[in-house]
Each structure stands twice: as C-alpha cells, then as structure tokens.
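Undergrad: Residue numbering for the sequence shown follows the numbering used here, starting at 915 and increasing by one per position.
Yeah, the Cβ is synthetic: ideal placement off N, Cα and C, and Gly gets one too.
Note that the structure is a prediction, hence the values are computed from the model and not measured.
Provided herewith is a single structure, encoded as structure tokens, for subsequent inquiry.
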Amino acid sequence: MIRDIYVDNFFGHANSIEEGIRQFHGVREFFTKANFNLREFVSNNPILNELFLSHNAAASDLTHAKILGVHWNTSTDSYSLPTMKLPSDDTQWTKRLTLRHLNGFYDPYGMKGPVILPLKIFFQQLWKLGVGWDTRLNKECTQRWKSLLSGIHMPSLSSSIPRLAIPLSIDGCTLELHIYVDASQCAYSAVAYIVCRQPDGYGSSSLLASKSRVAPVNCTVNIPRMELLANLLGAILGNHIVKELPSFDLNDITMWTDSTISLCWITNESKRDQPVFVRNRTTKINSLLPTAKFKHIDGKLNPADVASRGCTSDELNSHPLWWHGPPFLSQPQSTWNPQPELQSPSLKETTMAINSISVDPIHEPIVPIIEANRFHSWTKMVNTTIIVLKFIQRLKKIPTTLSRVSLHRRAEQLLFRMSQTEFPPTPHLIQQLRMYQCPTTSLWRCRGRLENAEIPIESKCPIYLPRESAITRLFILYIHHSINHFGQSHTLTELRQRVWIPKGITTVKSSLRHCMQCKRARAKPFALPEYPDLPTIRTVQPDHPYSAIGLDLAGPIQYRTDDNSKAKCWILVICTSAQPIWISSPI
C-alpha cells in the first residue's frame, strides 16, 4: 500500500473483482483511522464503479480520469498524453521561448520520444550557433521550428495507448525484459519491452518505456562510444524498471545492440586494457544489470533506431517495430537467429591501437605558427593563436561555427602540441609516466592512479609538458598569476590539475624567478647595515645589578574614572647586563 500512495492519491491494481473489493474496503478503513475520507474512486470495471457509487466514494466522471498528468479512459482502458496548444503564427520565437515550449511536452514513459527528439536536436543546434536567450531566431530557424511543431501537434500524437502491458493471468508464464539500444550522430536511445512468455514458448510483447538523449556538445564522441553511451542509458532504464516492479520476477533481462564494438567492450572480462572512458562505463553497466545478457541484433530489426533519429507522429503510430518490438520476440527462443561470432575483445583493442599508431599525427612535422620566445604572457600568446586560427580558416573558406570558449581550448591544445613536438618525450619517460596519446587531440597524457575516480580527464590523465619549453614557462606563470601569486607549492598543485611537468618543483621554482610582481613584492627598500659589536658596558661583568641601565617610557594609557578621563605613564628601567626590568609607579 505504501508504494501505491503518492501524497494524497492512491493507485491500486487487482487481478480480480474480489481482490478489488477487498482492496477498496481495506484502503478506506486504513485512511478512516487517520480521519481521512478517501473518495473519488474510479475503475475500469463497471462492477467496481457501482460499488464506489453505493458508498458515495465514486468520482464525478467514471469514464475519464487523470493520474499524475496522464489521461486515463476507463471505458477503453487506455491512456493518452496531454498536448500543448499550437502557438500562433505571429509568435516571435527566441531560444528561451523554444525551451519553454519544449519542456511543456509531458511524456513520462517516453512513448512519444522519437517525435520529441527532433525538437531537442534543434534546440541543441541553437546552442552550437551561440544564439542568445532573448535573440529572435532568423527566418530559416523559425521556419524549421514551425515545421517541427506542426508535425508534433498532429491529432495522431494524442492517440490512445493501451494501459495493460502485462496480462492479468500470468500463472505458468515467465516475464522477460528486453532492452534495445542504438545511437546516431545526433542522439542515443534505449527502449524497453516486457514479454510474457507462455509455457509453449510463444509470448506477447508490449512497449514499457523509452529514453533518449542528444549527443554531448562539449566533446566529440565517435559512433562506437555513442553506442556505449546508449548501452549505459539502457542499463539505467532497466535498473529503474526492475526497482519499480518489485512484485514481478524480472531476472530474465536481455540487452540488444547492433554495435559489435560496444558489445565486445561490455562482454570483455578484462577491463584493465580498455580506455578510461570505456572501462568506467562498462563497469557501470555490469553493476546496474549484473544478471543481464547482452546480444547482437540486426540494425533493421532494432526498434531503438527510430528513437535515436526521430520521426513524425504519423510515422511513429504506423511504425512496425515501435509498439511491440521485433516480430521474433513473440516466437520461441529456439527459432531465433543464432548470434554472430564476435571478434575477440583483446584482438579488437590491439587492432585499434595499431591503427591509431599508423595514422598518428603526432609524428608528422608541425610547423610552429607561434614563436613562444617572443611572448611574455600566456594570455597574449593564446589570443594571438586564436587570431591565426581564424585567419587560416578564412583562407580555407571554412565557416567558423566554434564559440570563443572552443577556440580558446583549441588554441591551448595547439600550443601544448607544439611544445611536445619541440621536445618529444623519450621512450624511458613514456614508460615511466605510463604515457599515451589521446586519439582526438594527439596530445601525450600521463596515466596516474586516479583512473577510477569520478574527476575530469584532465586530472586523471594530465597533459605532458616538457620542462625545457618556453610554452611551459609561460603556462606556469599564467597559473601562478591566476592563484594570486601563491608560492611554488600552491602553483605546482594547481598545475597538476591539468598538466604534468617532469621535475615539477625545480621547473616551477626557476620559472617563478621571472615573475616581476613577486620580485617587486620581495624587494627590500635598502640593504641593512651589519650589526655592530655590543658595547663594553653590556659585555663586562658588573659588580651589582643596575650598575648600567637603560630607560624607556610606557604610555600614556587612557582610562576613565567616575569623575573624568585620566592618563597614566610608566618608567621602565632595564639592566643592560642581566636585563631585569623595573617598572615605576604610575605617573
């Protein structure tokens, strides 16, 4: 009962009329003890509705009900999702207004996910173009947005969906959870189906839930890694379904993907040699669904394909795979096509490593477009590099779509590559620091012992910077200035959040000698003279104390009495040999 209560609403289910009657009386009796009058009951069974009417506990409308924003038609036992009103044609669209309208679509189960996905992709493109929040969209973007809205506001989008996903009588049947995942260049998705299999092997499948996400904006992820992200999304979805359906024995879980590379990554028992990105996600997948089986499916039979690419509402309603999955799900498993023989994961990884070395761009000569010795500031050198990159793009007639932040990141990566090319790491240093080359940026990175930590990749595997390079010296001074000229220990700690410099303490110490602000702060106004010898009166043993003294005055110290304010002073008498102090009475 506790699981079926949300605030002051109760959502119950029963497999028979007798069970429904017992549940009705039990719930009302339970709430009556707390002086709560539970009312407005509604059911998809006419007999139960008559029972509710006889106890004055029925809802005003026994045909249509609303459950947490979802419309339920009790006569047909189906539900539908609410639709938003189509805006007027003269609406002045901005990025803020598009986001507000996009978040207005309510689809908690992801049944209409493929229809809403194109709107998410469009909004992501606005981010890539750098459109301001309150900037009006241009004519082309406005027309594209209106065409997407016209497709999603079709009447077919509000069509009813059968509520019953699992048959009422499952005696002798087994329940199976099948999750299909797929990815494209724009998005990745996961779709879950529940299958009730009869003892003879045949079964019925129903769409349970789906989830889709757009591709990351800040980094470029290739298709195999996008497929791996789709598998992780499917594992999260499957884990959520198992937790939300504790009364059903959902131990038979199968995840289907059309990517053999991601399938090799997940099924590979040895995770040590995998890249950090792959190892972290495969470990997470196996921990979320420890008993799941991972299988391959043909891309034409994968229902998650439409969820990763998007479609119109009419195409979704007539889609042959979306609502019930591929046809073989309802057939006995003995008739399914055999699984293809996958390539060994270790051999797969070795082949990929050889390919990356054969096309490795770090061995190609890189012409230094910036002379680091001519600069005294890291910021000026990066800004100059950005100007040079923009000029090269104009010469090649390549439209600039990168933001200022992306250009700044690319300029820094280029400068780091220049320093590594000028002073490449030795084989001994590569082995000592466990260095590897990033396939996307061609930068040498150092492996530490923090690969299992949930921190950015810059901290897990910092970029290698040679200590002899002038670029390294400017970057050290830049970090030193950004932390308000702290000492060498703080500067080195901040540097190691992003880069690794061999003999870091020595390199930082020598570089900080060129910091003019620190030189000026440590400079003394004049040289102190040498301390003279002590006078004879302080070194010769006296006959008695206070034979040679020094005098000093203390005060005046202000204090207040009942009459008025006063001030007092003291005389301090110091013996120059034994150095006792005598204090006179207040004067």
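Taking the alpha-carbon positions, what's the PRO1189 to GLU1408 distance?
TA: Going by the C-alpha atoms only, they are around 25 Å apart.
Undergrad: Going by beta carbon distance, what residues of the same chain come within less than 7 Å of PHE925, once the five residues before and after it are set aside?
TA: If we look at PHE925 and ignore the five residues flanking it on each side, its Cβ neighbours are ASP918, ILE981.
Undergrad: On the CB-based measure, 16 or more other CB atoms within 10 Å of its CB, does CYS1483 come out buried or exposed?
TA: It counts as exposed.
Undergrad: May I ask you to list the residues that DSSP assigns as paired with ILE1451?
TA: BP columns for ILE1451 are empty, so no partner.
Undergrad: Report all residues from its chain with a CB closer than 7 Å to the CB of ASN1145; omit the five preceding and five following residues, and keep chain order.
TA: Within the same chain, ASN1145 has close Cβ partners VAL1095, MET1169, THR1171, SER1176, ILE1180, ILE1199.
Undergrad: If you draw a straight line from the C-alpha of TRP1250 to the C-alpha of LEU1159, how long is it?
TA: Rounded to the nearest angstrom, the two C-alpha atoms are 27 Å apart.
Undergrad: Can you round the beta-carbon distance between SER968 and ARG1077 to whole angstroms, since I take them to be within the 8 Å contact cut?
TA: The pair is not a contact, with the Cβ atoms about 25 Å apart (cut-off 8 Å).
Undergrad: Report back the beta-carbon spacing between LEU1328 and TYR1378 to the nearest angstrom; my notes put them in contact at under 8 Å.
TA: Not confirmed; about 15 Å, so no contact.
Undergrad: On the premise that LEU1406 lies in contact with ILE1419, defined as a C-beta separation below 8 Å, what is that separation, rounded to the nearest angstrom?
TA: Rounded, the Cβ-Cβ distance is 6 Å, consistent with contact.
Undergrad: Going by Cα to Cα distance, which pick from ILE961, TRP1059, LYS1374 is closest to PRO1001?
TA: With distances taken between Cα atoms, PRO1001 lies closest to TRP1059.
Undergrad: Whose C-beta lies closer than 6 Å to the C-beta of ASN970 among residues of the same chain, with five residues either side of it excluded?
TA: None.
Undergrad: For LEU962, report the span of its beta strand (DSSP E) as first-last.
TA: Segment 960-968 is the alpha helix (DSSP H) holding LEU962; no beta strand (DSSP E) there.
Undergrad: For the beta strand (DSSP E) that LEU1016 lies in, which residues bound it at each end?
TA: Run containing LEU1016: none in the beta strand (DSSP E); it sits in the alpha helix (DSSP H), 1009-1016.
Undergrad: Can you give, in chain order, each stretch of the alpha helix (DSSP H) that sits fully within the stretch 1051-1112 and has at least 4 residues?
TA: 1053-1066, all fully within the stretch 1051-1112.
Undergrad: Can you tell me the Cβ-Cβ gap for LEU1121 and TRP1292, rounded? I've got them flagged as a contact below 8 Å.
TA: Going by Cβ atoms, the distance from LEU1121 to TRP1292 rounds to 55 Å, so no, they are not a contact pair.
Undergrad: With DSSP as the reference, please indicate the residues paired to GLY1124 in a beta bridge.
TA: Checking the sequence, you will find Ser at residue 1124 rather than Gly. Per DSSP, VAL1105.
Undergrad: Can you give me the C-alpha to C-alpha distance between GLU1229 and ALA1101, rounded to a whole angstrom?
TA: Roughly 19 Å between the two C-alpha positions.
Undergrad: Could you give the DSSP three-state label for LYS1209: helix, strand or coil?
TA: In the structure shown, LYS1209 sits in a strand (DSSP, three-state: E or B).
Undergrad: Would you say PRO1494 and ILE1485 are within 9 Å of each other, going by their C-beta atoms?
TA: For PRO1494 and ILE1485, no; Cβs fall outside 9 Å.
Undergrad: Run through the stretch 1284-1353 for me and flag every whole alpha helix (DSSP H) of 4 or more residues, listed as ranges in chain order.
TA: Runs found: 1292-1309, 1318-1336, 1341-1346.
Undergrad: Let's test the definition: count the other Cβ atoms within 10 Å of the Cβ of TYR1107 and tell me whether it reaches 16, buried, or not, exposed.
TA: With 16 or more Cβ atoms within 10 Å of its Cβ, TYR1107 is classed as buried.
Undergrad: Give the DSSP-derived three-state secondary structure of ILE1397 in the structure shown.
TA: Coil at ILE1397, not helix or strand.
Undergrad: So the alpha helix (DSSP H) ASN1194 belongs to, where does it begin and stop?
TA: Segment 1190-1202, the alpha helix (DSSP H) holding ASN1194.
Undergrad: Within the chosen definition, does the stretch 1330-1343 reach the stretch 1428-1438 through at least 3 CB pairs nearer than 8 Å?
TA: Verdict: no, contact absent.
Undergrad: Using a 10 Å radius around the Cβ and a threshold of 16 neighbouring Cβ atoms, would you call LEU1388 buried or exposed?
TA: Buried, since its Cβ has 16 or more Cβ neighbours within 10 Å.
Undergrad: How far does the beta strand (DSSP E) with HIS985 in it reach, from first residue to last?
TA: From DSSP, the beta strand (DSSP E) with HIS985 extends over 984-987.
Undergrad: Report all residues from its chain with a CB closer than 7 Å to the CB of LEU1256; omit the five preceding and five following residues, and keep chain order.
TA: Only THR1174, LEU1177, CYS1178 meet the Cβ criterion.
Undergrad: Pick helix, strand or coil for TRP1484, following the three-state DSSP scheme.
TA: Residue state, collapsed to three classes: strand.
Undergrad: Between GLY1117 and SER1248, how many whole angstroms is the CB-CB distance? I'm expecting something under 8 Å.
TA: Not confirmed; about 13 Å, so no contact.
Undergrad: Taking the CB atoms as reference points, tell me whether MET1490 and ILE1463 lie closer together than 9 Å.
TA: Inspection of the sequence shows that residue 1490 is occupied by Thr rather than by Met. It is a contact, given that the beta carbons lie within the stated cut-off.
Undergrad: Which full runs of the alpha helix (DSSP H) of 4+ residues lie inside the stretch 1361-1385, going along the chain?
TA: Counting only runs of 4 or more, we get 1371-1374.
Undergrad: Hey, out of SER994, GLY1115, SER989, whose CA is closest to SER957's CA?
TA: Of the candidates SER994, GLY1115, SER989, the one whose C-alpha sits nearest the C-alpha of SER957 is SER989.
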